[in-house]
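S.K.: Below is the structure I would like to discuss, written out as structure tokens.
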Amino acid sequence: MIEFKNISKSFGSTVALDDVSLVFPRGKIIGLFGPNGAGKSTSIKLIMGLNRPDRGEVRVDGENPQNKKQDMAYLPEIDHLYPWMNIAQAADFTRTFYTDWDETKYRELIKFLNLQEDMKISKISKGQRAKTKLLLTVSRRAPYLLMDEPLSGIDILTREEIINTLIRDYREGEQTIIISTHEIAEVESLVDEVIFLDRGQIKLSGNAEDLRVKRNMSLVELMKEAFRNAN
Amino acid sequence: MEFNTSQPIYKQIIDDFKKKLIRGELKEGDKIPSQRDYAEQVRVNPNTVQRAYREMESMNMVETLRGQGTFISISADRLEEIKMEMAVNLVDYFISEMESLGYSQKDMFRILKQEQSSGKESADNDRV
């Protein structure tokens, strides 16, 4: 379980998170939704221990995030892979850092995603780079999988491949996945829990199916409504 | 399977199994896909599939045998009940939509009859 207790974080005069308290329950797939600048990436970086809050506290299974880095697999929004490496070298690089690397899974996934080990990062398409990032993140058996905009700027077929991989590979109960995205329609049937952020505050949160029962609306519609009321 | 995302997905999964039972595409004793396979097939969160399967167990539609899988396990009476439930739901929906458009029950019967006979005619024409 990941907990935010009264988190505030600013970058200069820009408020990224404003007194946010929330819980990311264990064993669920959680969608972190909101427009650009809502505070999604900041939330993920706080969980990763890459940023520190100005006020408040982040707890990962009751501990400081700095002590839990081995438990978290992170897919950053930016291109973090070295362009001169090929996929095999990038995998080697990840393998040496993390003890939970699962070689069998890696071999299986590379085939499933139609990638080849000798593909050079600088030479492959954007979609293939997105799939490589996913491959390297998901090949670890980390209890927490944090993905920052894994679908943005990627063609529809590759998006489907990424979502299929996540479903195929998801370990019910033991794995917690947090996905930040503004492509809500793509992940409607994938998420258990949703958190809608806007300008550093939570607009709406809850169980996706319960929200549908209560409101007769899809997540996309709920988000639109939440933001219409906010403005 | 396409989902209506403004309705709970687990309920739509259950309805899909109910329809298959009513149509006879699934029968007593048939094995249904494992939760994982089903989740992959329909591209849905495995937790949602788990919820649907659990609910179907408590509704006496399926039974999970340890190490063997999940099987259709439904009595004839239960199946009749489900059939009736589905029919009533459809009719309720029809009535409430028609009422919201201002039709009286009398109008509804008249239109139903009219449609039924025109449906018969076209079926007869097809035969010729």
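Respectively, the protein sequence lines represent chains R and V. For the record, in the first sequence the residue sitting at position 96 is 96 according to this note's numbering, with numbers rising by one throughout. Throughout, this note's numbering is defined as the position within the second sequence, counted from one, plus 1000. Positions of the beta carbon are idealized from the N, C-alpha and C atoms, including for glycine. Computed from a prediction, not measured in an experiment: that's the story for all the values here.
Anything in the segment 1027-1048 of chain V with a Cβ closer than 9 angstroms to a Cβ of chain R? List those residues in chain order, please.
M.R.: Gln1035, Arg1036, Ala1039, Glu1040, Val1042, Arg1043, Val1044, Asn1045, Pro1046, Asn1047, Thr1048
S.K.: Consult DSSP for V/Val1088 and reduce its assignment to one of helix, strand or coil.
M.R.: As a position in the second sequence, residue 1088 of chain V is number 88, starting the count at 1. In the structure shown, V/Val1088 sits in a helix (DSSP, three-state: H, G or I).
S.K.: Suppose only complete runs of 4+ residues qualify. What are the alpha helix (DSSP H) ranges in the segment 1043-1110 of chain V, listed by chain order?
M.R.: List check, alpha helix (DSSP H) in window: 1046-1058, 1076-1100.
S.K.: Taking R/Ser122 as the reference, which of R/Thr137, R/Asp100, R/Asn86, R/Glu174 has the closest Cα?
M.R.: In the first sequence, the residue the question calls residue 122 of chain R occupies position 122. Of the candidates R/Thr137, R/Asp100, R/Asn86, R/Glu174, the one whose C-alpha sits nearest the C-alpha of R/Ser122 is R/Asn86.
S.K.: Looking only at C-alpha atoms, which of R/Asn67, R/Glu77, R/Asp118 sits nearest to R/Asp92?
M.R.: In the first sequence, counting from the first residue as 1, residue 92 of chain R sits at position 92. Closest option to R/Asp92, judged by alpha-carbon separation, among R/Asn67, R/Glu77, R/Asp118: R/Asp118.
S.K.: Name the chain R residues that come within less than 7 angstroms of V/Tyr1010, Cβ to Cβ?
M.R.: Translated into positions along the second sequence, residue 1010 of chain V becomes position 10. By Cβ distance, chain R contributes Glu209.
S.K.: Of all the residues that make up the segment 1058-1070 of chain V, which are near chain R by a beta-carbon distance shorter than 7 angstroms?
M.R.: none
S.K.: What is the DSSP secondary structure of R/Gln66, counted as helix, strand or coil?
M.R.: In the first sequence, counting from the first residue as 1, residue 66 of chain R sits at position 66. DSSP places R/Gln66 in helix when its eight states are reduced to three.
S.K.: Under DSSP, the alpha helix (DSSP H) around R/Ile110 begins and ends at which residues?
M.R.: Reading the first sequence from its first residue, position 110 is the one you call residue 110 of chain R. R/Ile110 -> alpha helix (DSSP H) spans 103-112.
S.K.: Going by alpha carbons, who is nearest to V/Gln1035 out of V/Leu1026, V/Gln1050, V/Asn1004?
M.R.: For the purposes of this step, residue 1035 of chain V is taken as residue 35 along the second sequence, with counting starting at 1. The shortest Cα separation from V/Gln1035 among V/Leu1026, V/Gln1050, V/Asn1004 belongs to V/Gln1050.
S.K.: When you compare the segment 73-83 of chain R with the segment 214-222 of chain R, are there three or more beta-carbon pairs, one atom per stretch, that lie closer than 8 angstroms?
M.R.: no
S.K.: Could you confirm whether any beta carbon from chain R is found closer than 8 angstroms to the beta carbon of V/Ser1096?
M.R.: By 1-based counting over the second sequence, the position of residue 1096 of chain V is 96. It does not; no Cβ of chain R falls within 8 angstroms.
S.K.: For V/Leu1112, does the three-state DSSP call read helix, strand or coil?
M.R.: Here residue 1112 of chain V corresponds to residue number 112 of the second sequence, with the count starting at 1. Note: V/Leu1112 maps to helix in three-state DSSP.
S.K.: What residues in the segment 28-59 of chain R bring their beta carbon closer than 8 angstroms to a beta carbon of chain V?
M.R.: Lys28, Ile29
S.K.: For chain R, is any of its Cβ atoms less than 8 angstroms away from the one on V/Gln1050?
M.R.: As a first step, residue 1050 of chain V must be located in the second sequence, where it is residue number 50. It does; some Cβ of chain R falls within 8 angstroms.
S.K.: What residues of chain R sit near V/Gln1007, judged by a beta carbon separation below 7 angstroms?
M.R.: Looking up residue 1007 of chain V in the second sequence gives position 7. The answer, in chain order, is Arg212.
S.K.: Candidates R/Gly12, R/Val15, R/Arg26: which alpha carbon is nearest R/Glu3's?
M.R.: For the purposes of this step, residue 3 of chain R is taken as the residue at position 3 of the first sequence. The shortest C-alpha separation from R/Glu3 is found at R/Arg26.
S.K.: Residues bridged to R/Leu17 by DSSP?
M.R.: By one-based count along the first sequence, residue 17 of chain R stands at place 17. Answer is R/Lys9, bridged to R/Leu17.
S.K.: State the start and end residues of the unbroken alpha helix (DSSP H) segment that holds R/Ile232.
M.R.: Here chain R comprises residues numbered 1 to 231, so residue 232 of chain R is not present and cannot be evaluated.
S.K.: Following the continuous alpha helix (DSSP H) through V/Tyr1010, name the residue where it begins and the one where it ends.
M.R.: Taking the second sequence and counting its residues from 1, the one referred to as residue 1010 of chain V is at position 10. From DSSP, the alpha helix (DSSP H) with V/Tyr1010 extends over 1009-1023.
S.K.: Under a Cβ-count criterion, where at least 16 other Cβ atoms within 10 Å of its own Cβ denotes burial, should V/Val1062 be classed as buried or exposed?
M.R.: In the second sequence, counting from the first residue as 1, residue 1062 of chain V sits at position 62. Under this definition V/Val1062 is a buried residue.
S.K.: For R/Ile30, which residues of its own chain have a beta-carbon under 8 angstroms away from its beta-carbon, when the five flanking residues on both sides are left out?
M.R.: As a working mapping, residue 30 of chain R is identified with position 30 in the first sequence. Only Phe24, Thr176, Ile177, Ile178, Ile179, Val191, Asp192, Glu193, Val194, Ile195 meet the Cβ criterion.
S.K.: Quick one: Cα of V/Ile1082 to Cα of R/Ile162, how far?
M.R.: In the second sequence, residue 1082 of chain V corresponds to position 82, counting from 1. In the first sequence, residue 162 of chain R corresponds to position 162, counting from 1. Roughly 37 angstroms separates the two Cα atoms.
S.K.: Could you check what DSSP says for R/Arg199 in three-state terms: helix, strand or coil?
M.R.: Indexing the first sequence from 1 puts residue 199 of chain R at position 199. Of the three classes helix, strand and coil, the one that applies to R/Arg199 here is coil, per DSSP.
S.K.: According to DSSP, is R/Asp192 helix, strand or coil?
M.R.: Walking along the first sequence from the start, residue 192 of chain R turns up at place 192. Residue state, collapsed to three classes: coil.
S.K.: Drop a sphere of 10 angstroms on the beta-carbon of V/Tyr1010, count the other beta-carbons inside from all chains shown, and report buried for 16 or more, exposed for fewer.
M.R.: Looking up residue 1010 of chain V in the second sequence gives position 10. Per the 10 Å Cβ criterion, buried.
S.K.: Quick check on R/Glu117 - is its C-beta less than 8 angstroms from some C-beta in chain V?
M.R.: Indexing the first sequence from 1 puts residue 117 of chain R at position 117. Not closer than 8 angstroms to any Cβ of chain V, the Cβ of R/Glu117 fails to qualify, so no.
S.K.: Check R/Ser205 in the structure and name its three-state DSSP category.
M.R.: By 1-based counting over the first sequence, the position of residue 205 of chain R is 205. Strand at R/Ser205.
S.K.: Name the chain R residues that come within less than 7 angstroms of V/Phe1003, Cβ to Cβ?
M.R.: Along the second sequence, one-based indexing puts residue 1003 of chain V at 3. Those are Ser189, listed as they occur along chain R.
S.K.: Hey, could you find the ends of the alpha helix (DSSP H) R/Ser41 is sitting in?
M.R.: Along the first sequence, read from residue 1 onward, the residue named residue 41 of chain R stands at position 41. First-last of the alpha helix (DSSP H) with R/Ser41: 40-48.
S.K.: Taking its Cβ as the centre, do 16 or more other Cβ atoms sit within 10 Å of R/Arg212, making it buried, or is it exposed?
M.R.: Working through the first sequence from its first residue, we reach residue 212 of chain R at position 212. Burial call: buried.
S.K.: Go ahead and pull the three-state DSSP assignment for R/Leu146.
M.R.: To locate residue 146 of chain R, count along the first sequence from 1; it is residue 146. Residue state, collapsed to three classes: strand.
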